[in-house]
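Going by my numbering, the first residue of the sequence shown is number 45, and it counts up by one from there. What follows is a short report on a single structure.
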Amino acid sequence: MKLLILLLIFLAVLYLVATTAVWFFQEKFIFLPEKLSRTFEFKFKHPYKELFITTKDAVLNALYFQHPSSKGIIFYLHGNAGSMRTWAEVSEIFLSRGFSFFIFDYRGYGKSTGKLSKKDLYRDSSLMYEYASRLEPGKKIIIYGRSLGSGFAAKLAIQKKPEKLILETPYYSMQEMARLQMPFFPVKLILRYKLPTYKWLTKIQCPILAIHGTEDELIPYEQAFRLKQYLKKTDCFVTIEKGKHGNISKFIMYHTSLDQFLTNETT
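As structure tokens, this is what we get:
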């Protein structure tokens with residue numbers, strides 16, 4: 045009996061230590077940045093301007109691809125891994141459709157400096173949106189959120205009221221994602237990045253396009269499908285059959301849906 049009690053105490057202490065570690069180091073699980081030196085030179089098919097925007101406690105690196113006959117700007121919030129070195133390659137998708145493209149690296153990603161926090165990520169997104177909006181005065185802005193960025197995109201769309209919002213491989217909430225990954229931890233209590241996309245969708249006034257693949261190995265399709273009930277009747281939820289987390293832009297359905305959404309005029 046004494047041995048059993050000692051074992052239970054040991055397991056309880058171990059669980060407490062693990063839970064504490066998740067609380068203090070959760071950014072390490074959520075954010076997987078690629079860091080680049082300040083002298084790193086980006087190489088892309090189309091010309092671009094590299095920008096460094098200073099905030100009160102960080103310097104954010106951004107890239108701006110200007111289309112000569114721009115229909116507007118795609119403001120792109122990327123996923124949780126890597127940097128603009130690879131993420132900015134998607135600019136081709138939108139430049140070929142007549143749109144300019146603006147993307148930035150989150151704090152600690154690429155050449156961007158600063159310490160990550162939920163509050164600062166929200167503030168940075170807002171600041172960078174305002175910066176992007178001044179690049180082409182009077183032109184419409186479409187927010188595009190990919191994976192992790194989809195939650196921040198939804199939050200930003202409430203505040204900024206863009207022309208349109210596109211969510212690629214979105215999640216119901218980061219809290220639900222954490223429950224899937226760490227079912228034995230009290231994620232509701234310890235997770236700082238809850239990112240309740242489903243709550244924010246009900247407050248967004250602009251048209252929304254959500255796209256997700258049925259074989260997404262990182263964010264299960266069911267996570268995104270649950271968002272459908274919170275969309276407006278005029279919004280669009282597109283299912284990419286056999287689409288995975290990183291390849292849905294290779295499907296014809298993706299491009300057909302994107303073309304239709306981008307060309308439809310809002311009222």
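Glycine included, each C-beta is placed from N, C-alpha and C at the ideal position.
- Bridge partners of H256 according to DSSP: T283.
- Considering only T278, Y216 and C280, the residue with the shortest C-alpha distance to P264 is Y216.
- Between E207 and the set F146, L302, K155 and L306, the nearest pair of CA atoms involves L306.
- A distance of 8 angstroms or more separates the beta carbons of F148 and S135.
- The way I'd put it, the segment 274-285 does touch the segment 250-259; three or more beta-carbon pairs between them come closer than 8 angstroms.
- If you check the CB distance, I248 and A176 do not come in under 8 angstroms.
- Relative to the Cα of N105, the nearest Cα in the group E261, K93, G116 and F196 belongs to K93.
- Between the segment 175-193 and the segment 115-124 there are three or more inter-stretch CB-CB distances shorter than 8 angstroms, so the stretches are counted as touching.
- A Cβ-Cβ contact shorter than 8 angstroms links L275 with L245.
- For E174, the secondary structure class from DSSP, reduced to helix, strand or coil, is helix.
- Taking 3 residues as the minimum length, the beta strand (DSSP E) runs contained wholly in the segment 121-187 are 144-148, in order along the chain.
- Judged by their CB atoms, K183 and G287 are not nearer to each other than the 8 angstroms cut-off.
- Pairing P214 with I187, the inter-Cα distance amounts to about 13 angstroms.
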